[in-house]
């Protein structure tokens with residue numbers, strides 16, 4: 001159960017009462033020119049008490065599809081709650097976003113330094129402030145990610161096993177797939193979980209790319225979560241998902257058996273059977289033609305969209321055992 005009795009919350013040292021709207025700048029560092037680098041945090045509080053939900057994205061600077069989802073929540077005023085509080089952080093890694101890179105300037109992956117340290121690296125210091133000055137007053141986090149470069153993920157929620165509350169929230173969100181995924185050490189998800197903060201991780205699309213459908217699934221999922229907590233404003237409607245969510249118990253990568261020019265002939269969300277042809281690998285000289293086939297029944301939840309691949313490259317992520 002999420003808390004509902006906070007008349008005042010404190011974000012980065014600033015007390016925010018019920019009914020207030022705030023945009024607070026998270027000052028994370030200065031450039032060599034002494035120019036401040038700040039992350040805007042948009043906070044909307046209803047006059048009626050309720051849960052506090054954080055929507056975050058851009059923990060990796062190249063994952064802009066998640067940034068677009070949180071942007072839409074703000075632009076469409078979905079972040080103005082009927083009750084409770086909504087906090088939006090569209091870009092956690094502003095350095096990577098500006099430079100079109102995944103990591104921080106110190107070379108560290110922000111999502112591998114949590115809970116951070118006040119005396120550590122730049123990335124570690126940002127993680128520490130996030131965990132100590134923002135997360136304490138938050139009841140639920142939904143963090144938006146994408147697939148890696150050229151690897152297009154189907155819209156999916158990632159959670160750990162044996163957590164009934166997360167199972168229920170994932171079903172309410174209504175993404176096409178829920179993938180059980182263990183926590184990674186020093187990740188944001190793991191750090192929040194260790195504090196007893198429920199967190200849903202949304203994956204969809206690929207790096208450096210905004211896909212309208214992936215954004216739509218994310219926005220609609222948020223609306224359903226807000227409606228579940230009676231936080232969605234009455235002028236905004238939450239639509240039920242078109243299909244039931246598939247919970248993925250196990251999955252497997254289909255890898256390239258040889259190097260060459262690669263072309264996929266299936267898309268994410270496709271249901272396949274053993275020996276179905278998924279794509280083809282050829283060479284520039286017309287001498288090689290290799291069909292990539294699935295070795296199991298299931299759904300395609302990730303497709304490598306690279307034109308050139310090497311032997312051993314992951315091409316397709318296929319669910320192995322599913323339960324609706």
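Residue numbers (the UniProt record's numbering): 1 to 324.
Virtual Cβ for every residue (Gly too), placed ideally from N, Cα, C.
Looking at the unbroken alpha helix (DSSP H) that takes in residue i, where does it start and where does it end?
i           : result
residue 262 : Careful: residue 262 lies outside any alpha helix (DSSP H), inside the beta strand (DSSP E) at 260-264.
residue 179 : Unbroken run through residue 179 is the beta strand (DSSP E), 177-180; no alpha helix (DSSP H).
Can you give me the start and stop residues for the beta strand (DSSP E) that residue i sits inside?
i           : result
residue 277 : 277-282
residue 172 : Taken as a continuous stretch (DSSP letters only), residue 172 belongs to no beta strand (DSSP E), being part of the alpha helix (DSSP H) at 164-173.
residue 236 : Taken as a continuous stretch (DSSP letters only), residue 236 belongs to no beta strand (DSSP E), as it is neither H nor E.
residue 270 : Premise fails: residue 270 is in no beta strand (DSSP E) and is neither H nor E.
residue 10  : 8-11
Measuring alpha carbon to alpha carbon, tell me which residue in the options is nearest residue i.
i           : options               : result
residue 257 : 314, 170 and 212      : 314
residue 132 : 204, 188 and 143      : 188
residue 302 : 311, 289, 312 and 319 : 319
residue 268 : 310, 284, 316 and 232 : 316
residue 330 : 164, 14, 13 and 283   : Within the shown structure, residues of the chain are numbered from 1 to 324, placing residue 330 beyond reach of any answer.
residue 138 : 52, 103, 222 and 101  : 52
residue 270 : 280, 290 and 246      : 246
residue 290 : 212, 255, 220 and 297 : 255
residue 135 : 108, 306 and 198      : 198
residue 308 : 280, 300, 296 and 60  : 280
residue 224 : 79, 252 and 249       : 79
residue 42  : 24, 30 and 33         : 24
residue 244 : 178, 304 and 95       : 178
residue 185 : 130, 112 and 201      : 112
residue 221 : 242, 234 and 210      : 242
residue 175 : 218, 238 and 27       : 218
residue 110 : 234, 100 and 125      : 125
residue 253 : 287, 293, 27 and 96   : 293
residue 100 : 128, 45 and 209       : 209
residue 105 : 77, 115 and 31        : 31
residue 50  : 250, 19, 95 and 251   : 19
residue 140 : 173, 114, 123 and 149 : 173
residue 115 : 306, 130 and 102      : 130
Based on the DSSP secondary-structure assignment, which residues constitute the bridge partners of residue i?
i           : result
residue 290 : 281
residue 317 : 253 and 302
residue 308 : 261
residue 21  : 44
residue 16  : 9
residue 38  : 27
residue 246 : 177
* To do: Identify every run of the alpha helix (DSSP H) within the region 90-161, keeping only runs that are complete inside it and at least 4 residues long; order them along the chain.
  => 94-99 and 122-133
### Task
Just list the alpha helix (DSSP H) runs in the region 183-213, keeping only unbroken ones of 4 residues or longer that don't cross its boundaries, in chain order.
188-194
- prompt: If you pair each beta-carbon of the region 89-98 with each one of the region 48-60, do three or more pairs fall below 8 angstroms?
  reply: yes
- Query: Would you call the region 188-202 and the region 148-167 touching, i.e. three or more CB-CB distances under 8 angstroms?
  - Reply: yes
May I ask you to verify whether the region 26-39 touches the region 65-85, counting CB pairs closer than 8 angstroms and requiring at least 3? no
Unbroken alpha helix (DSSP H) runs of length 4 or more, entirely within the region 46-96: which are they? 64-75
- Cβ contact check for the region 146-155 and the region 163-174: 3 or more pairs under 8 angstroms: no
When the Cβ atoms of the region 245-263 are set against those of the region 215-228, are three or more pairs found closer than 8 angstroms? no
Evaluate contact between the region 113-125 and the region 76-86, counting only Cβ atoms and requiring at least three cross-stretch pairs below 8 angstroms. no
Would you call the region 60-69 in contact with the region 139-148, where contact means no fewer than 3 C-beta pairs closer than 8 angstroms?
yes
Worksheet item: With a cut-off of 8 angstroms, do at least 3 Cβ pairs link the region 198-215 to the region 270-279?
Response: no
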